Amino acid sequence: MLAGMTTAPDGWTAAELAFLDAAVELEIAVRRPDGSLRRATPIWVVRVGDQVYVRTWYRRESGWFGAALVSHRARVQVPGLAAEATVDAGGNGGPALRAAVDAAYRSKYGDGAAASMVTEEAATTTLRLTPAGA
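If you use the working numbering, the sequence shown corresponds to residues 35 to 168, in order.
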């Protein structure tokens, strides 16, 4: 978290959202059951309103994605911000949210580059990141 900043009761602060939105990649280190961190993995990150989402281009039961489904806890880092986060599958909130997250990927990364991130299979892997304790 940024020095001198507190987490808003409902999520990320405006400054944290700006850092997350500006980042090309987010480093995610998922917590193991014992609380230790797995190796950080770079992933694309998008913002929709005041929410932050990540996806994997294909569903994996192993690696960072599979571990996130089990622990629901991670350390995330982008330039200017390192924070503990809760990871939840709340990103699968229906067609309107899916369309908004798809649009965010296309806008941020370009239609061609984002093609694998906006498939039906990738959309089912949408995870929402919230500040731990929010």
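By construction, the Cβ of each residue, glycine as well, lies at the ideal position given by its N, Cα and C atoms. Given the structure is predicted, the values throughout are model-derived calculations rather than measurements.
Asked, Found
"Return the residue from the list Pro113, Pro165, Gly167, Tyr92 that minimises the CA-CA distance to Ser221.", "In the structure displayed, the chain extends from 35 to 168; residue 221 sits before or after that span and is not available."
"In chain order, what residues of the same chain have a beta carbon less than 7 Å from the beta carbon of Ala134, not counting five sequence neighbours either side?", "Val82"
"List the endpoints of the continuous beta strand (DSSP E) containing Asp122.", "115 to 122"
"Does the region 57 to 67 touch the region 96 to 105, meaning 3 or more C-beta pairs lie closer than 8 Å?", "yes"
"How far does the beta strand (DSSP E) with Val64 in it reach, from first residue to last?", "60 to 64"
"Between Leu161 and Arg89, what straight-line distance do the alpha-carbon atoms span, to the nearest angstrom?", "6 Å"
"Can you tell me whether DSSP reads Ser141 as helix, strand or coil?", "helix"
"Could you spell out the range, first to last residue, of the beta strand (DSSP E) harbouring Ala108?", "107 to 112"
"For Asp84, is the classification buried or exposed, using 16 other Cβ atoms within 10 angstroms of its Cβ as the cut-off for buried?", "exposed"
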